[in-house]
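The structure under discussion appears below in the form of structure tokens.
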Amino acid sequence: MPGTVEVSVRHILSDRTTGVLTRTRRITWRDSLYRVRRPASGRQSVELTCPVCDASLLAEVRTEGRTRRTRALLLVLAVLSLVVFFAAFAYAVHEGGRTLPEGQSLPTLFPVSVVSIAVTFVAAPVLFFRSRRYNGVTMLDAPKPRRLHGIMPVRGPVPGTATR
Ligand SMILES: [Zn+2]
Numbered sequence: 001m002p003g004t005v006e007v008s009v010r011h012i013l014s015d016r017t018t019g020v021l022t023r024t025r026r027i028t029w030r031d032s033l034y035r036v037r038r039p040a041s042g043r044q045s046v047e048l049t050c051p052v053c054d055a056s057l058l059a060e061v062r063t064e065g066r067t068r069r070t071r072a073l074l075l076v077l078a079v080l081s082l083v084v085f086f087a088a089f090a091y092a093v094h095e096g097g098r099t100l101p102e103g104q105s106l107p108t109l110f111p112v113s114v115v116s117i118a119v120t121f122v123a124a125p126v127l128f129f130r131s132r133r134y135n136g137v138t139m140l141d142a143p144k145p146r147r148l149h150g151i152m153p154v155r156g157p158v159p160g161t162a163t164r
């Protein structure tokens, strides 16, 4: 259905962390599917009701075009992170592998490159998956405790609905 987006309202049933040496986090939840209409322009607030506990969640929906642009931007940032990662990595290997003359320290750009490697190593995959998952729907508000709920993107054909 054009102009709509499917999301699922996630109600966290329990979130427990057990174990001392090896921590295991066990989360159980219940998802409920909703089909939300996208606005013709700008953004629009919609209220979704959690069927499990009747809590009303406030979500913001963006237009199809805006969603596509945000996804494209996130993907560009992911690629840029990857480029910076490899450039910084090559530089660090190059500078770090050199034998310096007595009394000369590594250039100041060296620690910068090491930090860049660490940051982009995390940022690139995060941005990539954000881009894949972004659907233009974000949760604005939920009754406290807020962490009990989430609005998750729905990917791919959902059983019981027609595929485009
Ligand atoms: Zn709920």
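Taking UniProt numbering as reference, the numbering of the sequence shown is continuous, increasing by one, and the terminal residue is 164.
C-beta: ideal position from N, C-alpha, C; glycine also.
N-terminal and C-terminal residue of the beta strand (DSSP E) that residue i is part of
| i | result |
| --- | --- |
| A59 | 56 to 62 |
| T49 | 43 to 49 |
| S8 | 4 to 18 |
| L140 | 137 to 141 |
| S32 | 24 to 37 |
Boundaries (first-last residue) of the alpha helix (DSSP H) holding residue i
| i | result |
| --- | --- |
| T120 | 109 to 133 |
Top-ranked residue by Cα proximity to residue i, from the options
| i | options | result |
| --- | --- | --- |
| C50 | E60, S32, Q44 | S32 |
| V5 | S14, V36, L13, G19 | V36 |
| P2 | R38, V52, F86, M152 | R38 |
| L13 | R23, V52, I151 | V52 |
| A118 | A87, T28, E47 | A87 |
| V112 | F85, R98, G103 | F85 |
Cβ-heavy atom distance, residue i to ligand 1, below 7 Å
| i | result |
| --- | --- |
| A55 | yes |
| L148 | yes |
| V137 | no |
| H11 | yes |
| V154 | no |
| V52 | yes |
Nearest-angstrom Cβ-Cβ length linking residue i and residue j, presumed shorter than 8 Å
| i | j | result |
| --- | --- | --- |
| R43 | Y134 | Rounded, the Cβ-Cβ distance is 14 Å, inconsistent with contact. |
| L21 | Y34 | Wrong, their Cβ atoms sit about 41 Å apart, outside the cutoff. |
Practice task
Evaluate the contact criterion for the region 62 to 71 versus the region 91 to 98: three or more CB pairs, one atom per stretch, below 8 Å.
Solution key: no
Exercise for the section: Flag this pair as touching only if the region 123 to 141 and the region 56 to 63 have three or more C-beta atom pairs under 8 Å; answer yes or no. Expected result: yes
Practice task
Would you check if the region 74 to 89 and the region 117 to 133 touch, i.e. whether three or more CB-CB distances between them fall below 8 Å?
Solution key: yes
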